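Numbering (full-length UniProt numbering), first residue to last: 1 to 229.
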């Protein structure tokens, strides 16, 4: 007789780049249940500080573990170099979240490659949850983010984009830059948790994985609302 655990959907969350791995740390700290955490980064030092279950130092030959230097092309090359490792880490997943802060090198360049592997090779329902840069991060980072989001949109089932600049409208004027980035990381966490909790935690209205797949498969862009009661 099979155990009830064998019927549970396998959900994996991949944090890509600095923003993505920070978001994974937030999820681990928040006690997100029923998911496996994967961190993928070209920065070996930052990766070592991450609390993910699986840590992938992607593109080691290309970057020597020193990061992508805010160049998305390096991030893309790093993901292609580590394609087999990424596929092995994603194996068995029913649903994959790819989360990143868009605009830098690794998250912007590697996230579409990882999402494409998850959807096309693993066959998982693939959801992107990403942030757009704050205005003070500069026009080049914004342009790179827009290009990265466009590429990611082509390879995921559903994409949630969170504009960091909008967060500044709901925080105190004296909020520090560091706290602003922490808030952005936490909103990424809420975006993922808002969906995974529907599947993994019994509630007033219970949704199973099949319900979520029906709603989110090839759905395109999505809006996110967060509330507590």
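All C-beta atoms in this analysis are idealised placements derived from N, C-alpha and C, irrespective of residue type, glycine included. None of these values were measured; they are calculated from a predicted model.
Classified as exposed, residue 73 has fewer than 16 neighbouring CB atoms from the shown chains inside 10 Å of its CB. Three or more beta-carbon pairs separated by less than 8 angstroms are not found between the stretch 133 to 148 and the stretch 55 to 65, which leaves the two stretches without contact. Counting C-beta pairs with one atom in each stretch, the stretch 128 to 137 and the stretch 37 to 46 have fewer than three that are closer than 8 angstroms, which means they do not touch.
Annotated three-state conformation of residue 71 is coil, per DSSP.
The Cβ atoms of residue 103 and residue 158 lie no closer than 9 angstroms to each other.
Taking C-beta separations shorter than 8 angstroms and ignoring five residues to either side along the sequence, the partners of residue 189 in its chain run 23, 26, 27, 30 and 32, following chain order. Judged by their CB atoms, residue 114 and residue 192 are not nearer to each other than the 9 angstroms cut-off.
Residue burial annotation: residue 217 is exposed, with fewer than 16 other C-beta atoms found within 10 angstroms of its C-beta.
Nearest neighbour of residue 36 by Cα position, chosen from 155, 9 and 182, turns out to be 9.
CA-to-CA, the gap between residue 68 and residue 52 works out to about 20 angstroms. For the pair residue 11 and residue 85, the CB atoms are not nearer than the 9 angstroms cut-off. Across the structure, residue 197 and residue 211 are spaced so that their CA atoms are roughly 13 angstroms apart. Ranking 148, 17, 184 and 125 by CA distance to the CA of residue 156 puts 125 first.
As a beta-bridge residue in DSSP terms, residue 43 pairs with 66. Judged by DSSP in its simplified three-state form, residue 202 adopts coil rather than helix or strand. Of the residues 183, 199 and 83, the one whose Cα lies closest to the Cα of residue 58 is 83.
Using a 10 angstroms sphere on the CB of residue 109, the tally of other CB atoms reaches 16 or more, which defines it as buried.
The DSSP-derived three-state label of residue 12 is strand. Residue state for residue 137 is assigned as helix, using DSSP reduced to three classes. Assignment of beta-bridge partners to residue 36 by DSSP yields 12.
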